[in-house]
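Asker:
2 protein chains.
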Amino acid sequence: MRTVTIADVAKHAGVAVSTVSYVLSGKRAISATTRQRVLDSVRVLGYHPNAGARALASKRAKVIALVLPLRAGMNLPVLMQFATSVVTTARQYDHDVLLMTADEGPDGLHRVAASALVDGLLLMDVEIHDPRVPLLRRLAEPAVLIGFPADPEGLTCVDLDFARAGALCADHLADLGRREIVLLGAPSVVYERGTGFAERTMAGFAEAAARHGLKAGAWPCEESFDEVHAAVKRLLDERPGLSGLVVHNEAAAGHVLGALRILGRRVPEDVSVVAICPDDIAERASPALTSVLVPAEDVGRQAVRLLMAKLEGQSVPESTLLEPRLTIRESSR
Amino acid sequence: MRTVTIADVAKHAGVAVSTVSYVLSGKRAISATTRQRVLDSVRVLGYHPNAGARALASKRAKVIALVLPLRAGMNLPVLMQFATSVVTTARQYDHDVLLMTADEGPDGLHRVAASALVDGLLLMDVEIHDPRVPLLRRLAEPAVLIGFPADPEGLTCVDLDFARAGALCADHLADLGRREIVLLGAPSVVYERGTGFAERTMAGFAEAAARHGLKAGAWPCEESFDEVHAAVKRLLDERPGLSGLVVHNEAAAGHVLGALRILGRRVPEDVSVVAICPDDIAERASPALTSVLVPAEDVGRQAVRLLMAKLEGQSVPESTLLEPRLTIRESSR
DNA sequence: GCAGGTCATCGAAGCGCTTCGACGCGAAGG
DNA sequence: CCTTCGCGTCGAAGCGCTTCGATGACCTGC
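Protein sequence lines correspond, in order, to chains A and B.
Going by our numbering, the first sequence opens with residue 132, and the numbers climb by one from there.
Going by our numbering, the second sequence opens with residue 132, and the numbers climb by one from there.
Below is the structure:
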């Protein structure tokens, strides 16, 4: 049983190969009757265009690369939601997704781009000084970045507006009458790596706190229960008047609540807690956390759309910031 | 700047196109001098073979599909480790990985296979009665499954030997002199879905417990802290003599320890706890959990190897069970 | 010293598809 | 009535690569 080719379809429908191609691509007008005949033949024979041949002739592989930082330190649920939404959205545009890990580095990107395996690139977890960015600028293939490098000039970047998110949290705590607040952030290694989003959150938070005249501070925060516990203990020792906490660290959020409980602080009576994390984590915590969600699905969808637009040759904004949304739950009032 | 083709390389090296091809594929003997000349030209010109053309001519895309269950209920870190190891291993065989979500279903598999987009398939999270299995049997493309359907006849399946894992846990607890033990498993929805590994663990556990003459039981277990807490409370009420616990649920493992602490049971003095989960979770828990790790990386590597072997036309075992390893930590003695 | 065999290389035929230019035909316009 | 146009369709030329058979050149061994 040989695989069905476009020539088989053409013969079966009694038309030329090119006619079948035009029916399938819609790039030229075809009469309704012919179109229907061809479509029927396609169905009857179970025809699927050969991806390689199509790519070769059209110079479009209909595949995009998704470069994921498959290493420790990232929040997995978010990554997954993101990946899912990228795959789903790409399929809506009739594209598939090639999975790459960041540790293939710039060479890997160059390889898939140069071999025309993919038409475009989606890079996640872009760092401030990302070695891949200079390459991207040189590449013919369009790319969309999740996150912002130091100089986004000429690139296309998408992200949650973390500065607004940080500010939103501070605003909320201020509204609740909390006067002394602290931001518990990512593990210190993340800051050292210069991942932009952590810093932008801090900046937005600090700005809003200052605007409200609050006493505010920001601490990095590790992810194991013991380390979180120790950090919260130190925090409460240094800031006995602490009444508001923003946790920008998905893995630590649950532990923070546990630590506060053990250390005799009631949430939300004594301390209001707000997290910047995916909804599922916030909801599962006890008490449920007021949170600004990282809209991983939106980011993925938006990123794919931008990439598709670029593939069409349309021009797109350099920077797309997604508006954060605060959901109020039990942990703050 | 047109992209460099094999013809450019041939001209630059002063040889025929086919010679370049043979140098690159190694499928025919080429003299050392010619080979070197060609390789130099490749380097100088920055040649990358066009993936589409290669696929078309050779009928090999050098891409495999990885079908991931990107939905709730799976353990994300494990999934990630697995995905990473698949991508890394595939690259070692000079293959790339196309990411697919399970929700494209059998049609999606058929599409990528029929369009020759991929040469083979790797399916994760195979269920007992998986609708994709009949399709796989019909497909020309080789496939490797992670997990076991009801009838693995004619397929190629890889998994941790969960029965041995369950038994290993029971053995360990018996060795410690624990006489009354319980297995806390996956959320009940997982059992209802008929995911084989959960049941096989239970079977192995029960068999070993019986062999040691232990009083044993098995409970499903949800994943939120509150539900875990409630379940553990109920468990202790019903089985006041409980002295050994096996937790086969990565998300709940940490919560179980917390619940025991709150309910006044010391670990490991009163209750020894063993988990079946990735090492990182076991290590991060407090006290650190004795655990049987799910060797996600091994599974991924092994699965890719099997798939590559099948692509070479070699015959491979229908079933590959990976031996579990128990790591003893603080939570049991 | 020549038949037979290697070894290294070449040329050309596809692989299955897209796309461009051409063509025939009926309708519209002069 | 003849030209012009546009619509629907066709044929053929690639796209860049692999692979098969062919061709010399060079050894062997009798």
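For every residue, glycine included, the Cβ atom is placed at its ideal position computed from N, Cα and C.
Could you tell me which of A:443, A:160, A:193, A:383 sits nearest to residue 357 (chain A), measuring between CA atoms?
Answerer: A:383
Asker: Check whether chain A comes within 8 Å of residue 415 (chain B), counting only Cβ atoms and requiring the distance to be less than that.
Answerer: yes
Asker: Is residue 180 (chain A) a contact residue of the ligand MN, with contact defined as CB to any heavy atom under 7 Å?
Answerer: For the structure depicted, the ligand MN is absent and the ligand set is empty, with no information on it obtainable.
Asker: Under the DSSP definition of a beta bridge, which residues are partnered with residue 134 (chain B)?
Answerer: Paired residues: none, contrary to the question.
Asker: So, is the C-beta of residue 179 (chain A) closer than 8 Å to a C-beta in chain B?
Answerer: yes
Asker: Is residue 333 (chain B) close to chain A? Criterion is C-beta to C-beta, closer than 8 Å.
Answerer: no
Asker: Which ranges does the alpha helix (DSSP H) cover as unbroken runs of at least 4 residues, wholly within the stretch 240–319 of chain A, from first to last along the chain?
Answerer: 263–269, 293–306
Asker: Name, please, each residue of chain A whose Cβ falls closer than 8 Å to the Cβ of residue 389 (chain B).
Answerer: 389
Asker: Check the Cβ of residue 218 (chain A) against every Cβ in chain B and list those closer than 8 Å, keeping chain order.
Answerer: 201, 230, 231, 232
Asker: Sorted by chain position, which residues of the same chain lie with C-beta nearer than 6 Å to residue 340 (chain B)'s C-beta, five sequence neighbours on each side aside?
Answerer: 301, 347
Asker: Can you list the alpha helix (DSSP H) stretches of 4 or more residues lying completely in the stretch 368–434 of chain B, in chain order?
Answerer: 381–393, 410–415
Asker: Looking only at its chain, what residues have a beta carbon closer than 6 Å to the beta carbon of residue 243 (chain B), apart from the 5 residues adjacent to it on each side?
Answerer: 196, 249
Asker: Kindly indicate which three-state DSSP category residue 227 (chain A) falls into: helix, strand or coil?
Answerer: strand
Asker: What is the C-beta distance between residue 388 (chain A) and residue 416 (chain A), in whole angstroms, given that I count them as a contact (C-beta under 8 Å)?
Answerer: 6 Å
Asker: For a cutoff of 8 Å on Cβ pairs, would you count residue 263 (chain A) as touching chain B?
Answerer: no
Asker: When DSSP labels each residue in this structure, what does residue 450 (chain A) get in the three-state scheme?
Answerer: strand
Asker: Note down, in chain order, each residue of its chain lying with its Cβ closer than 6 Å to the Cβ of residue 257 (chain A), except the 5 sequence neighbours on either side.
Answerer: Cβ within range, chain order: 276, 278, 280.
Asker: Name, going along the chain, the residues of the stretch 180–198 of chain A whose beta-carbon falls closer than 7 Å to a beta-carbon of chain B.
Answerer: 180, 181, 182, 183, 184, 186, 187, 192, 197
Asker: Is any beta-carbon of chain A found at less than 8 Å from that of residue 317 (chain B)?
Answerer: Chain A contact via Cβ: absent.
Asker: Taking the continuous alpha helix (DSSP H) assigned at residue 339 (chain A), which residues delimit it?
Answerer: 327–343
Asker: How about residue 113 (chain B) and residue 419 (chain B): do their beta carbons lie closer than 8 Å?
Answerer: Any property of residue 113 (chain B) remains undetermined from this structure, which presents chain B solely from 132 to 464.
Asker: For residue 215 (chain B), decide whether its Cβ has a neighbour in chain A, counting only Cβ atoms nearer than 8 Å.
Answerer: yes
Asker: Could you check what DSSP says for residue 346 (chain B) in three-state terms: helix, strand or coil?
Answerer: Of the three classes helix, strand and coil, the one that applies to residue 346 (chain B) here is strand, per DSSP.
Asker: Taking the beta carbon of residue 164 (chain A) as the centre, do at least 16 other beta carbons fall within 10 Å, making it buried, or is it exposed?
Answerer: Result: exposed.
Asker: Beta-carbon of residue 268 (chain A) versus every beta-carbon of chain B: anything under 8 Å?
Answerer: no
Asker: Using C-beta distances below 7 Å, list every residue in its chain close to residue 363 (chain A), excluding the 5 sequence neighbours before and after it, in chain order.
Answerer: 387, 390, 391, 394
Asker: From what residue to what residue does the alpha helix (DSSP H) around residue 169 (chain B) run?
Answerer: 163–176
Asker: Alpha carbon to alpha carbon, how far is residue 440 (chain B) from residue 289 (chain A)? Give it in angstroms, no decimals.
Answerer: Distance between residue 289 (chain A) and residue 440 (chain B), taken at the CA atoms: about 41 Å.
Asker: Taking residue 209 (chain B) as the reference, which of B:454, B:442, B:428 has the closest Cα?
Answerer: B:428
Asker: Give the DSSP bridge partners of residue 195 (chain A), in chain order.
Answerer: Partner residues in the beta bridge of residue 195 (chain A), as assigned by DSSP, are A:228, A:251.
Asker: For the alpha helix (DSSP H) containing residue 183 (chain A), list its first residue and its last residue.
Answerer: Counting along the chain, the alpha helix (DSSP H) containing residue 183 (chain A) begins and ends at 182–189.
Asker: Have a look at residue 332 (chain A) and residue 321 (chain A) and give me their C-alpha separation to the nearest angstrom.
Answerer: 13 Å
Asker: Taking the CB atoms as reference points, tell me whether residue 140 (chain B) and residue 172 (chain B) lie closer together than 8 Å.
Answerer: yes
Asker: Out of A:212, A:177, A:230, A:414, which one is the CA nearest neighbour of residue 430 (chain A)?
Answerer: A:212
Asker: Does DSSP put residue 438 (chain A) in a helix, a strand or coil?
Answerer: Assignment of residue 438 (chain A) by DSSP, reduced to helix, strand and coil, places it in the helix class.
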